[in-house]
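Participant:
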Amino acid sequence: MAGVTEIEGFLLGVDLGTSHTVAMLRHPDGRTRPLLFDGKPLLPSAVFRDTAGRLHVGADALRLGHAEPARIEPHPKRRVDDGEVLLGDGPAVPVPDLLAALLTAVSREAVAITGHLPPAVLTHPAAWGEPRRAVLTDALDRAGWPAGTRLLPEPVAAARYFADVLRRPVPAGASLAVFDFGGGTLDVAVVRNEGPSRFTVTASGGADDLGGLDLDAALVDHLGKSLSAAEPEAWRALTDPVTLAQWRARRQFWEDVRGAKEMLSRSAFAPVPVPGVEHAVHLTRAELEAAADPLVRRGVAETAAVLAAAGLSASDLAGLFLVGGSSRVPLVARLLHSELGIAPTVLEQPELPVAEGAILASVGAPPARFTPDSTPPITDTKADAAAPPTHDTAPAAPAPAPAPAPTPAAPAPREPAEQTDERLRAAPVDPWATGEAAALAAGHPSAPHSPPPYSTSPQTSAPPHQGTPRPNSAPPHQTAAPYSALPHQAAPHSAPHAAGTPPWQPPTPPASGAQPKRPKRRLVYAVVAAAVAVLVAAGGVLTWAFWPDHPALDYRPLSEPQRIAPTVPVTADWSDAAIYGSRAYFASSDTTSGAVGVVAIDFDATKPAWSSSAEIGRAPRWRSMTALPVGLALFTDVDSATSTRRMVVIGAERGTKLWERTLGSDDVVHFAGGNAVIADRAGKRLLGLRLADGVQRWAQPDPASTLSLDTNVVAVTTPKDLAGPATVFGRPYEPDLADDPRVVQIAADRSARVIHADTGKVLTTRQNVAGPQDEVVAHHGRLVVLQPEDQRVVAYQLEGFGEPSVLYTPQAQNSRMKDLVPCGDDRVCFGEEVAFDGDTAAVVALDVAERKRVWRRPLADVDALVPVGEAVLASSTSGEMTLIDAAGRKVWTHAGEAARLDGGNVLEFSKPLSRSPSDHAVSGRHLGDQAVPLGSFRDIRTDTCAWNTERLACVAEKDFVLQTFAG
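Here's what the structure looks like:
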């Protein structure tokens, strides 16, 4: 209809899903926001009919269904072929009426905001033929929506989001695979870009009986194998309920299993209360993955079949985009990557892209929302267009011709003073009213034909600790089964980057009338290091805050790459690079033979110092590596046959194998002092192994507990660890293992103890500190704990472990605190949002020594934090990176990836890092200055890159490269 093509008015995109319905509203100014239902962007697709014949939807339907399970249909979309559904003792309800009830709820919220029902686009699975689409059209008519409401295939909408919001390249003629793994179904499609603003589905497939509900069922079956023998009466009541109370207990059990599944996406273990059993049982991530593996592999096989039907291989694709709430399970992305050889893209809220993409498919690409605060100087660096810093209050300027003469520009509007969001002042909320505890009703003898009581409440989670595009905080010096990525931690640097971001934009003229600046040299900063300069240009005021302890690096154009030949050919299998001191390490592997090869080369050398392959051994899959003072530690992936993996340490001098050890799938390895500290899950103990030879120096049994939860171990970091180069996730490349050789172990009984990593001596112990699943930071002699149950942040002195200091208490009872990181000698930072609403999100900085809040900076959809001195790089789910300075001011926003070089400099990439060969523009930036374009990568696997303050080491398409970018 005509209104759909207009961008001046409101426009509504609706994704009517099996488990949840999502609606995105585009405003006349171009902003796109989700409609909220009970304060959340996900409306449960459940429909309940009361005794008067009235239909209730969403959280209300779930609550009512608890009392009368026979009257609820939790997944109406699954009934699209049934014509009618029996709900209770009345007449059957036509399926279009069930879908119309959901659409009516959407239109009610839209009218409340806009005053009228805007033009809309409704999505549907690509495989739906005319009869099923006719059911949707009927539902739209019954809901009173205009006759011209457009229907759009879901993968086309997802493709538009991938190309226009994430700004991932899908050239004309290229194809994108969309893997839509929802609560009830799996839909896979290949979408081809047919030209400007036009995508078509060339092949589709999937499974109507494969979704998150089926993962829940697999976990229930797994638990039943032990419960049926150990607690036969309790298990019989759950599997064959008779009374209404037993039916309710059954539904709650399924809800708790679903909650455990979600927790295991970000934790190594999760408790499951069992009705009629005194103690909860505990699931591990390994159990989840073992139960889910056949189902996920079936999804991978479906994907391969769809690609074959399209006449494509994975290497032919421009990308693999994961949408749907169940794609959040880390195993999904990992198996797709390992089996198909392409790194998937998945977001923190994968339920939202289809609805927003539906809008884009109707109006074209969104207008650029940001303009630079100021523009990087244009230098002769052989760089492709480099992205300028951005500002979020003015429209973007058009891209200029190369090296244009600077033109005056109006000053950027001043940012309004911070205001406290009224939602932070909310009164206490009944958890049932927020839908947090809502369980799905189904399975009653007279209930409609739906699967057993699977949950339809939203699958919300914090940044996952494993296999996620952006791992959040984790203890230092560690490599683990939950492969975390924080300081001092040997997490796999090769974890795929899934967070999409807009492309590198061409440089624009300086915002002022001044001439472009040349990169500043160290001597200049030595003179003005402690100054704050105020530059007045073109009527605007621009404040420069210099970082005196970390002057600007002497950035230079990228040198010609020094190419190093691999010992094992570089393919789509695992490969990586690392830098330690003045040496670069490169590794490549071959899954077919199981071989891995390592090459070491010193900076400025013309040939490698050594190469090593045969004596390292073979493995079905290699996973990661970490550079150490003694050499290099390599880790295999988990062997599914034995549930074990290997750690092999090779020496820095000649590359010979120093020692190796077999690890359990959940074992965690930290590096502290001169030891590898291993959390031996099977042995319920901590072990200290000397790095030089692997000799066990000490052992400490885990604290005794009646609970079966694994302990959490974190290594203590120091300010020095956070002042050097780090990955895009904030993990230091070269931490000082000896500056504070202590680790903190947090037990299942909430006790904590400080252990000297070199001797194994327990230095101090305290009860009731934190649970193993709580977010903690051990930094600069303190332990800081986020306590979600008590809604506060507390700090302990590690020396003596005395009474805690309360640092912060949220203003709203339903606040969610996450992503705790150290951000200075005596500071910690974290993200906070209300009721999982990304629009309320903010970054908070606390002074641990002064026991006070330093600042709070609102920042929508904040996803992860990386400290740069006392400043913070904050990434968002939209793929943007924002720098917040030590005073809490927003300095710039950059579309792409950024990583710390030292406490005052960052390295910027033009787009998300990739495991596949690709081209990226690279810039260096001092935090108080403009970005300096350094040049472009060609056919580099950027997700493998490592760096220090002068050099970059990366795996290329067929070999390894070493380049200089600063002097």
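Mapping of the sequence shown onto the numbering used here: position 360 corresponds to residue 733, and the numbering continues sequentially without gaps.
C-beta: ideal position from N, C-alpha, C; glycine also.
Along the chain, where does the alpha helix (DSSP H) that runs through residue 469 open and close?
Facilitator: Translated into the one-based positions of the sequence shown, residue 469 becomes position 96. Segment 468 to 487, the alpha helix (DSSP H) holding residue 469.
Participant: Hey, residue 577 and residue 565 are a contact pair by Cβ (cut 8 Å); roughly how many whole angstroms apart?
Facilitator: As a first step, residue 577 is located in the sequence shown; it is residue number 204 there, counting from the start. As a first step, residue 565 is located in the sequence shown; it is residue number 192 there, counting from the start. The pair is not a contact, with the Cβ atoms about 12 Å apart (cut-off 8 Å).
Participant: Report yes or no: do the segment 1316 to 1328 and the segment 1251 to 1261 share at least 3 C-beta pairs separated by less than 8 Å?
Facilitator: No: the two stretches stay apart, fewer than three of their Cβ pairs being nearer than 8 Å.
Participant: On the DSSP letters alone, give me the boundaries of the alpha helix (DSSP H) that residue 1043 sits inside.
Facilitator: As a working note, residue 1043 is residue 670 in the sequence shown. Residue 1043 -> not in any alpha helix (DSSP H); beta strand (DSSP E) instead, spanning 1041 to 1045.
Participant: Taking only the alpha-carbon atoms, compute the straight-line gap between residue 397 and residue 1196 and give it to the nearest angstrom.
Facilitator: Looking up residue 397 in the sequence shown gives position 24. Looking up residue 1196 in the sequence shown gives position 823. Just so you know, the alpha carbons of residue 397 and residue 1196 end up roughly 35 Å apart.
Participant: If we ignore side chains and look at the alpha-carbon of each, how far apart do residue 920 and residue 654 end up?
Facilitator: On the sequence shown, position 547 is the one that residue 920 refers to. On the sequence shown, position 281 is the one that residue 654 refers to. Any reading at residue 920 needs caution, since the residue's pLDDT is 48, under 50, leaving its predicted position unreliable; the model's value is listed next. Taking the straight line joining both Cα atoms gives about 51 Å.
Participant: Looking only at C-alpha atoms, which of 1280, 1314, 387 sits nearest to residue 945?
Facilitator: By one-based count along the sequence shown, residue 945 stands at place 572. Comparing Cα-Cα distances from residue 945 to each of 1280, 1314, 387, the minimum goes to 1314.
Participant: Which word fits residue 721, buried or exposed, when buried means at least 16 other C-beta atoms lie within 10 angstroms of its C-beta?
Facilitator: Counting from one through the sequence shown, the residue named residue 721 turns up at place 348. Buried, because 16 or more other Cβ atoms sit within 10 Å of the Cβ of residue 721.
Participant: Whose CA, out of 1276, 1227, 1242, lies closest to the CA of residue 1260?
Facilitator: The count along the sequence shown starts at 1 and reaches residue 1260 at position 887. For residue 1260, the nearest C-alpha among the options comes from 1227.
Participant: Does the distance from the C-beta atom of residue 1053 to that of residue 1040 stay below 7 Å?
Facilitator: For this step, residue 1053 is matched to residue 680 along the sequence shown. For this step, residue 1040 is matched to residue 667 along the sequence shown. Yes, Cβ-Cβ distance for residue 1053 and residue 1040 is below 7 Å.
Participant: According to DSSP, what are the bridge partners of residue 554?
Facilitator: The sequence position of residue 554 within the sequence shown is 181, counting from 1. Per DSSP, 559.
Participant: Count the other CB atoms, across all protein chains shown, that sit within 10 Å of the CB of residue 427; report buried if there are 16 or more and exposed otherwise.
Facilitator: By 1-based counting over the sequence shown, the position of residue 427 is 54. By the 10 Å Cβ count, residue 427 comes out exposed.
Participant: Per DSSP, residue 448 forms a beta bridge with which residues?
Facilitator: Translated into positions along the sequence shown, residue 448 becomes position 75. DSSP, once it has assigned bridges, lists no residue as partnering residue 448.
Participant: Can you name, in chain order, every residue of its own chain whose Cβ lies under 6 Å from the Cβ of residue 700, other than the five neighbours on each side?
Facilitator: Position 327 of the sequence shown, counting from 1, holds the residue named residue 700. Hits under 6 Å: 554, 719, 723.
Participant: By how many angstroms is the C-alpha of residue 1265 removed from the C-alpha of residue 896?
Facilitator: Working through the sequence shown from its first residue, we reach residue 896 at position 523. Working through the sequence shown from its first residue, we reach residue 1265 at position 892. Per-residue confidence for residue 896 stands at a pLDDT of 32, beneath the threshold of 50, marking its modelled position as unreliable; the derived number appears in the next sentence. The straight-line gap separating the alpha-carbon atoms of residue 896 and residue 1265 is approximately 25 Å.
Participant: As a quick exercise: from 429, 1091, 1267, 656, pick the residue whose alpha carbon is nearest that of residue 637.
Facilitator: Stepping through the sequence shown from its first residue, residue 637 is reached at position 264. Considering only alpha carbons, the answer is 656.
Participant: To which residues does DSSP link residue 421 through a beta bridge?
Facilitator: Translated into positions along the sequence shown, residue 421 becomes position 48. For residue 421, which the question treats as bridged, DSSP gives the partners 429, 445.
Participant: Under a three-way DSSP split, which group does residue 510 fall into?
Facilitator: The sequence position of residue 510 within the sequence shown is 137, counting from 1. If DSSP states are grouped into helix, strand and coil, residue 510 belongs with the helices.
Participant: Which value, in whole angstroms, describes the spacing of the CA atoms of residue 329 and residue 689?
Facilitator: One cannot answer for residue 329 here, as it falls past the ends of the chain, which runs 374 to 1340.
Participant: Under 7 Å Cβ to Cβ from residue 1049, same chain only, skipping five residues before and after it: list those, please.
Facilitator: If you number the sequence shown from 1, residue 1049 lands on position 676. Result list for residue 1049: 1042, 1062, 1064, in chain order.
Participant: To the nearest angstrom, how far is it from the Cα of residue 1340 to the Cα of residue 931?
Facilitator: Translated into the one-based positions of the sequence shown, residue 1340 becomes position 967. Translated into the one-based positions of the sequence shown, residue 931 becomes position 558. Each residue's Cα considered, the two are about 11 Å apart.
Participant: Give the straight-line distance between the Cα atoms of residue 762 and residue 1303, rounded to the nearest whole angstrom.
Facilitator: Position 389 of the sequence shown, counting from 1, holds the residue named residue 762. Position 930 of the sequence shown, counting from 1, holds the residue named residue 1303. The pLDDT assigned to residue 762 is 34, lower than 50, so where the model puts this residue is not dependable; a value taken from the coordinates is nonetheless given after this. Between residue 762 and residue 1303, the C-alpha separation is close to 8 Å.
Participant: Apart from the five residues just before and just after residue 992, which ones in its own chain have a Cβ nearer than 7 Å to its Cβ?
Facilitator: For the purposes of this step, residue 992 is taken as residue 619 along the sequence shown, with counting starting at 1. Closer than 7 Å at the Cβ level, and outside the excluded window around residue 992, lie 967, 1009, 1019.
Participant: Tell me, which residues are paired with residue 1240 by DSSP?
Facilitator: As a working mapping, residue 1240 is identified with position 867 in the sequence shown. DSSP output for residue 1240 lists 1245 as bridge partner(s).
Participant: The beta strand (DSSP E) that contains residue 659, what's its start and end?
Facilitator: In the sequence shown, counting from the first residue as 1, residue 659 sits at position 286. It is not in any beta strand (DSSP E) - residue 659 instead sits in the alpha helix (DSSP H) that spans 658 to 682.
Participant: Quick one: residues in its chain with C-beta nearer than 6 Å to the C-beta of residue 658, no 5 flanking neighbours on either side, listed in chain order?
Facilitator: Position 285 of the sequence shown, counting from 1, holds the residue named residue 658. Contacts found: 637, 641.
Participant: Please classify residue 383: does DSSP put it in a helix, a strand, or coil?
Facilitator: Within the sequence shown, the letter at position 10 stands for residue 383. Three-state result, residue 383: coil.
Participant: State whether the segment 575 to 594 contacts the segment 614 to 633, with contact taken as three or more CB pairs (one from each stretch) at a distance under 8 Å.
Facilitator: yes
Participant: Buried or exposed, going by whether 16 or more other CB atoms sit within 10 Å of the CB of residue 923?
Facilitator: The sequence position of residue 923 within the sequence shown is 550, counting from 1. It is buried - the Cβ of residue 923 has at least 16 other Cβ atoms within 10 Å.
Participant: Considering residue 1032, what are the terminal residues of the beta strand (DSSP E) in which it resides?
Facilitator: Within the sequence shown, numbered from 1, the residue matching residue 1032 stands at position 659. Looking at the DSSP string, the run of the beta strand (DSSP E) that includes residue 1032 is 1030 to 1037.
Participant: Would you report the Cα separation of residue 1229 and residue 425, rounded to the nearest angstrom?
Facilitator: Walking along the sequence shown from the start, residue 1229 turns up at place 856. Walking along the sequence shown from the start, residue 425 turns up at place 52. Between residue 1229 and residue 425, the C-alpha separation is close to 50 Å.
Participant: By a C-beta neighbour count over all protein chains shown, 10 Å radius and 16 as the cutoff for buried, is residue 483 buried or exposed?
Facilitator: As a working mapping, residue 483 is identified with position 110 in the sequence shown. Residue 483 is buried by the Cβ-count criterion.
Participant: Inspect the beta-carbon positions of residue 471 and residue 516 and report whether they are closer than 7 Å.
Facilitator: Along the sequence shown, read from residue 1 onward, the residue named residue 471 stands at position 98. Along the sequence shown, read from residue 1 onward, the residue named residue 516 stands at position 143. For the pair residue 471 and residue 516, the CB atoms are not nearer than the 7 Å cut-off.
Participant: Just the Cα atoms here: how many angstroms apart are residue 1231 and residue 1148?
Facilitator: Here residue 1231 refers to the residue found at position 858 when the sequence shown is read from its first residue. Here residue 1148 refers to the residue found at position 775 when the sequence shown is read from its first residue. If I take the Cα positions, the gap works out to 21 Å.
Participant: Could you pull out every unbroken alpha helix (DSSP H) segment of at least 4 residues lying fully inside the segment 687 to 738, listed in chain order?
Facilitator: If we require 4 residues or more, the alpha helix (DSSP H) runs fully inside the segment 687 to 738 come out as 703 to 713, 726 to 736.
Participant: Return the first residue and the last residue of the alpha helix (DSSP H) that residue 1225 is part of.
Facilitator: The sequence position of residue 1225 within the sequence shown is 852, counting from 1. Premise fails: residue 1225 lies in the beta strand (DSSP E), 1225 to 1231, not in any alpha helix (DSSP H).
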